[in-house]
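Residue numbers (this note's numbering): 277 to 1219.
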Amino acid sequence: MMRTGTDPLVPGGAGDEAVGAASDSSPPPAVRQLAADEVFAALDTSRRGLSAAQARARLARYGANELPPAGRRAVWRQLGAQFTDLFAVVLIVASGITFLAYGLEEPSDIGTFQLAVAILGVVVLNAAIGFAQEYSAERTAQALEAMVPHTCRVLRGGERLEVPAQELVPGDAVVLEAGDAVSADCRVVEAHELAVNNAPLTGESNAVGRTADRVAAGPPLEARNCVFMGTDVVAGSGRAVVFATGARTEFGRIYRLAAAAPRQKTPLQLQVASMARRVAGAALAIGALMFAVRLPTGEPVVTSFVFALGVMVALVPEGLPATLSVSLAIGVRRMARRHALIKQLLAVEALGSTTVVCTDKTGTLTQAEMTVTQVWAGSVPYPVSGVGYAPSGEVADAAPVRALLRVAALCCNARLVPPEGAGGREHWRVLGDTTEGALLVVAAKAGLELDAEEAAAPRVTEFPFDSDRKLMTTVHKTGAGYQACVKGAPGELLARCTDVEWQGRRGPLTEEDRAAVVAASDALASQGLRVLAVARRELDGPRPAQHEAESGLALLGLVGMLDPPRPEVTDAVAACRRAGIRIVMVTGDHPLTGEAVARRVGIVRRPDPVVMTGDRLDAMDDEALDALLAEPSELLLCRVSPEHKMRVVTAFQRRGEVVAVTGDGANDAPALKHADIGVAMGASGTDVAREAAAMVLLDDSFASIAAAVRLGRAVYQNIRKFLVYLFSHNIGELVPILAATFVGFPLVPISAVQILAIDLGSDVLPALALGAEPPEPDVMDRPPRSRRERLFSAAVVGRILFLGGIQAVCVSAVFFWHIGSSGIPFDDFTEDTLAYQEAITMVQAGIVLSQFFNALAVRTDRQSILKVGLLSNPALLAAGGFGVALMAAISYLPPLQAVFNTAPLDAADWAVLAGLGTLPLLADEARKAWLRRRADRRKGAPR
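Here's what the structure looks like:
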């Protein structure tokens, strides 16, 4: 799909001079008021389209058919926005007040100045990290978006080609089919039941018919013989001539308005913002309480304020916004490497809680490379050899079915594209529907010259396929008159037939014949083949009514084609089953075909799956449908339309399920939008489906959905991991300060500048490394996360208190043990007392070391760290090592000792601290072992 253009070119209005500019002649009349045949001359083109040379010249003259880049904030604005985060604002204000306090002190304390600078330094560091991630994320999004093909079909020199939509130029003859997005403003010159959705321009979602006839002057969007960039073809087919591209389209005016609209925040961002407000409020409240507690002790006001500031800084997780951005960006990039392009951040969040996947069959579970393996006519099967789209192979005894295959080939819009020369494409491929491609291939195998057949029977009318009729009809001029060629679902087509034409005879369709056709269709479908019926009838004229062209038909026979399952899908289905995700196949194919494929890939294992057809769904009310979906049965939906898919999705959501839905057609767009995660096909899907979806599968494979679910779960888990990591050490910093206050110790066990040093060395970098943690081995062995579960669930808060409490007890014990062992009364301690300097150094080092082991502990929720490997996240080990090295420098280097008021520690001190630091890891390993044993007992309990 191509969403391009800016300023509108009004057909029949002021913009028509620009239309004329597409030609080297003088400006033409308003294209809407011209007859279809006159449009070609007015735009200096022909029904065969432009030549390659003309297209190149016009592209050079008028530029690419694309929108100007969306207005992005200037780099300096992006950087400045990092300082408006609530945590950053709190710290900036704190730094400013600290600078003010330094100026008011008599005499001035250099420590206060150092604290102010340190706070500001942490803000600048986090802003730099956040800016780098946002800047990188924008570039990544642009690169990923480029991976989705934006193409359109045009006639160039009479040859039908697929070209990048950016290369469309005024005068191009465009081929329009259901599911296409219109890539430029065009004048319709041929329409077969053509209808478009103008909602992006008018807001009206109803399909609007298009005509090739001339219309009177009026508002541009009311021109029924024009289609506009940004709209979608929802039915029918046709051809049109481009009269405006790029910045001159009607879509451009609306695009400029939309580009200026602010971005909406996702639920996860709102949760984090709410949490930030609560944490900031708690930090300010506790800081104010500490200030009030210290003030009556006779301590100077400035000293009491700096103490309270230390408490507040201890509670503010400055690195959280940057870490959150990193984790989400890494998740999106990882999903892209697994062929899942995430278009909306909401999809990353929702993937982790997916409970139901409604998946298409063709192309998603299967390879979407149809091969006809059998033709049936008059109770005789005709095997077909060869696989793929190369027309190599043969139809056994092809003569009796050559007429059948000729009609099938004429009733196709697809085209076979041969391999290219050296350095080009190596394989045959299909331009258009893969099923039609298989029909063209089998016709070629039967010895038919496709181009010659089309020239001998040119098409004059078409009734496109739709999901209600399940038929497609084309009308052709033959030497004897006119003939309708019809193909479609066997049941629907058989009901419209009155005669048979096979084995060299034509006669009435008897009940015996009808039973034989049904039996043959079921037999082919039970082998996993997709079955189409083919019929024809003679007509009196070129423009019959649809009901006339599709009734009184003569059945020619059946065609059975195989679409083999993708080899990777079976494992992906098994992984989803283990993860507690229900998989529902939704297909338009025969129930026997659907069940055969479902059994091959593991969706169906039981002998009695529930197979529902569209007709049975129509007969059910919502209450009956809800009861059906509530049953834990294996469910297949066959012979269903996109409307049925939409209804099933809505019913699942009524039950509280989180539903992912795949789709590729234009009619799938409502279900894709309505689903919690709409998943479109990137390779075979229509532009409309890709636009409506939150995620695009670049390889169309179900395995990529399973991989994205796994990674989506990991992203949410990683966010929780660094929340536990960040807030647990905040407890370790806060509790010693509170303990010192309530026992009457006159100094703080850890200063604000030490806390900021911990944030710098042992907070941000390890948290970033946790955000890149790969999924746990058992992440797909757990049930889906409830959509109502909050980031700060009871389990998360409990783990924060558990790990933070162990750290707090250890460092508090170390501090008071060292203070007590000095034998100095509390009131005699000053900041220059060596025992006090050693004690606060041990507190800081104890927190750093315990955080190193805490980071290892939070890497997994249930699995032992030994199972995932102590060395399997080298970035985390490097970040932890940096924090320990920084702590050693603060302890031993005189310049840093002066800044942090620390003292050197001996080997025994480090040994004690290392031993205590391992306690959070050991305690959490014990907790995980208990959780695993409890889970095993539950699995083994009788049901």
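All C-beta atoms in this analysis are idealised placements derived from N, C-alpha and C, irrespective of residue type, glycine included.
None of the values given here were measured: they were computed from a predicted structure.
Practice problem: Give the secondary structure of V400 by DSSP, where H, G and I count as helix, E and B as strand, and everything else as coil. | Solution: Taking the first residue of the sequence shown as 1, we reach residue 400 at position 124. The answer is helix: DSSP assigns V400 an H, G or I state.
Practice problem: Take the Cβ of A1202 as the centre, count every other Cβ of all protein chains shown within 10 Å, and call the residue buried at 16 or more, exposed below. | Solution: Translated into positions along the sequence shown, residue 1202 becomes position 926. Flag for A1202 reads exposed.
Quiz item: What residue does the beta strand (DSSP E) around A852 start on, and which one ends it?
Solution: The sequence position of residue 852 within the sequence shown is 576, counting from 1. According to the sequence provided, residue 852 is Cys. The question's Ala does not apply to it. From DSSP, C852 is part of no beta strand (DSSP E) but of the alpha helix (DSSP H) over V845 to R854.
Practice problem: Find the nearest neighbour of A821 within the set A760, L641 and V608, judged by alpha-carbon distance. | Solution: By one-based count along the sequence shown, residue 821 stands at place 545. For the residues A760, L641 and V608, the minimum Cα distance to A821 belongs to A760.
Quiz item: What's the C-alpha gap between L627 and V400?
Solution: For this step, residue 627 is matched to residue 351 along the sequence shown. For this step, residue 400 is matched to residue 124 along the sequence shown. Those two C-alpha atoms are separated by around 34 Å.
Self-check item: P304 burial status per 10 Å Cβ neighbour count (16 or more: buried)
Solution: Within the sequence shown, the letter at position 28 stands for residue 304. A caution first: P304 carries a pLDDT of 40, below 50, which makes its placement in the model too unreliable to give a value.
Quiz item: Can you tell me whether A568 is buried or exposed, with buried defined as 16 or more other CB within 10 angstroms of its CB?
Solution: Here residue 568 is taken as the residue at index 292 of the sequence shown, counted from 1. Exposed.
Self-check item: Run of the beta strand (DSSP E) containing P1060, from where it starts to where it stops
Solution: For this step, residue 1060 is matched to residue 784 along the sequence shown. Taken as a continuous stretch (DSSP letters only), P1060 belongs to no beta strand (DSSP E), as it is neither H nor E.
Quiz prompt | Integer-rounded CB distance, given that S743 should sit under 8 Å from G864 | solution = By 1-based counting over the sequence shown, the position of residue 864 is 588. By 1-based counting over the sequence shown, the position of residue 743 is 467. Indeed, because the Cβ distance is near 7 Å, the residues count as touching under 8 Å.
Self-check item: Beta-carbon gap between A516 and V450 smaller than 8 Å
Solution: Locating residue 516 in the sequence shown gives position 240, counting from the first residue. Locating residue 450 in the sequence shown gives position 174, counting from the first residue. Their beta carbons are under 8 Å apart, which means A516 touches V450 by this criterion.
Quiz prompt | Simplified DSSP state of G723, which is helix, strand or coil | solution = Within the sequence shown, numbered from 1, the residue matching residue 723 stands at position 447. In this structure, G723 counts as coil in the three-state DSSP scheme.
Self-check item: Closest by C-alpha distance to L974, when choosing among M957, T774 and R858
Solution: By one-based count along the sequence shown, residue 974 stands at place 698. That would be M957, whose Cα lies nearest to the Cα of L974.
Self-check item: Distance, D1057 Cα to G856 Cα
Solution: Within the sequence shown, the letter at position 580 stands for residue 856. Within the sequence shown, the letter at position 781 stands for residue 1057. Near 8 Å, if we compare the C-alpha coordinates of D1057 and G856.
Exercise. Just tell me which of I879, V835 and P867 has its CA closest to the CA of T846.
Key: Position 570 of the sequence shown, counting from 1, holds the residue named residue 846. When only C-alpha atoms are compared, the closest one is I879.
Exercise. Name the two residues that bound the continuous alpha helix (DSSP H) containing S802.
Key: Translated into the one-based positions of the sequence shown, residue 802 becomes position 526. That run of the alpha helix (DSSP H) goes E787 to S802.
Practice problem: Just mark I386 as buried or exposed, buried being the case when its beta carbon has 16 or more other beta carbons within 10 Å. | Solution: As a working mapping, residue 386 is identified with position 110 in the sequence shown. It is exposed - the Cβ of I386 has fewer than 16 other Cβ atoms within 10 Å.
Quiz item: Using the C-alpha atoms, what's the distance from I1082 back to L1224?
Solution: Past the edges of the chain, shown from 277 to 1219, lies residue 1224, and the structure says nothing about it.
Quiz prompt | Segment limits, beta strand (DSSP E) that includes P519 | solution = Taking the sequence shown and counting its residues from 1, the one referred to as residue 519 is at position 243. A small fix is needed here, since residue 519 is Phe in this sequence, not Pro. Its beta strand (DSSP E) spans residues D508 to A520.
Quiz item: If we call anything under 8 Å between Cβ atoms a contact, is L452 one with V991?
Solution: Looking up residue 452 in the sequence shown gives position 176. Looking up residue 991 in the sequence shown gives position 715. Their beta carbons are not under 8 Å apart, which means L452 does not touch V991 by this criterion.
Exercise. Please decide whether A467 counts as near chain C, where near means a Cβ-Cβ distance under 8 Å.
Key: Absent from the structure: chain C. Only one protein chain is present.
Practice problem: Within its chain, find whatever has a CB closer than 6 Å to the CB of Q1127; leave out the 5 residues flanking it on each side and keep chain order. | Solution: For the purposes of this step, residue 1127 is taken as residue 851 along the sequence shown, with counting starting at 1. Within the same chain, Q1127 has close Cβ partners H1005 and S1038.
Practice problem: Grab me the residues of K721's own chain with a C-beta within less than 7 Å of its C-beta, minus the 5 sequence neighbours each way, in chain order. | Solution: Taking the sequence shown and counting its residues from 1, one reaches residue 721 at position 445. Taken in chain order, the residues that qualify are V660, G662, P667, G669, E670 and V671.
Quiz prompt | For V762 and L829, believed in contact at Cβ under 8 Å, the rounded distance | solution = Within the sequence shown, the letter at position 553 stands for residue 829. Within the sequence shown, the letter at position 486 stands for residue 762. Yes, L829 and V762 are in contact; Cβ-Cβ is about 6 Å, under 8 Å.
Self-check item: The beta strand (DSSP E) enclosing Q253, as first and last residue numbers
Solution: Any property of residue 253 remains undetermined from this structure, which presents the chain solely from 277 to 1219.
Self-check item: Simplified DSSP assignment, three categories, for R1210
Solution: Numbered from its first residue, the sequence shown carries residue 1210 at position 934. Of the three classes helix, strand and coil, the one that applies to R1210 here is helix, per DSSP.
Practice problem: Compute the Euclidean distance between the alpha carbons of C687 and M748, then round it to the nearest angstrom. | Solution: Stepping through the sequence shown from its first residue, residue 687 is reached at position 411. Stepping through the sequence shown from its first residue, residue 748 is reached at position 472. Those two C-alpha atoms are separated by around 7 Å.
Quiz item: With 16 as the cutoff for other CB atoms within 10 Å, does A457 come out buried or exposed?
Solution: Position 181 of the sequence shown, counting from 1, holds the residue named residue 457. Flag for A457 reads buried.
Quiz item: What residue does the beta strand (DSSP E) around D461 start on, and which one ends it?
Solution: The sequence position of residue 461 within the sequence shown is 185, counting from 1. Counting along the chain, the beta strand (DSSP E) containing D461 begins and ends at D461 to N473.
Self-check item: Residues of its chain near A534, where Cβ-Cβ distance is below 8 Å and the 5 sequence neighbours each way are ignored
Solution: Taking the sequence shown and counting its residues from 1, one reaches residue 534 at position 258. Confidence at A534 is low in this model, with a pLDDT of 47, below 50, so its placement is unreliable and the value that follows should be read with caution. Here the set comprises nothing.
Quiz item: Taking one C-beta from the segment 1026 to 1037 and one from the segment 388 to 396 each time, how about it: are there three or more such pairs within less than 8 Å?
Solution: Segments in contact, yes.
Practice problem: Tell me, to the nearest whole angstrom, how far the beta carbon of S1167 is from that of R614; I am working on the premise that it is less than 8 Å. | Solution: Taking the first residue of the sequence shown as position 1, residue 1167 is located at position 891. Taking the first residue of the sequence shown as position 1, residue 614 is located at position 338. Contact flag wrong, Cβ pair sits at about 45 Å.
Quiz prompt | Distance between beta carbons of L571 and L1002, contact taken as under 8 Å | solution = Your numbering for residue 1002 matches position 726 in the sequence shown. Your numbering for residue 571 matches position 295 in the sequence shown. In fact, because the Cβ distance is near 30 Å, the residues do not count as touching under 8 Å.
Quiz prompt | A370 versus G1074: straight-line alpha-carbon distance, rounded | solution = Position 94 of the sequence shown holds residue 370. Position 798 of the sequence shown holds residue 1074. Going by the C-alpha atoms only, they are around 30 Å apart.
Practice problem: Compute the Euclidean distance between the alpha carbons of A732 and N341, then round it to the nearest angstrom. | Solution: Here residue 732 is taken as the residue at index 456 of the sequence shown, counted from 1. Here residue 341 is taken as the residue at index 65 of the sequence shown, counted from 1. Cα to Cα, A732 sits roughly 37 Å from N341.
Quiz item: If we call anything under 8 Å between Cβ atoms a contact, is P446 one with A511?
Solution: Counting from one through the sequence shown, the residue named residue 446 turns up at place 170. Counting from one through the sequence shown, the residue named residue 511 turns up at place 235. The answer is no: Cβ separation not under 8 Å.
Quiz prompt | Nonlocal neighbours in the same chain, by C-beta distance under 7 Å from A1151, ignoring five residues either side | solution = Locating residue 1151 in the sequence shown gives position 875, counting from the first residue. Here the set comprises A1045 and A1048.
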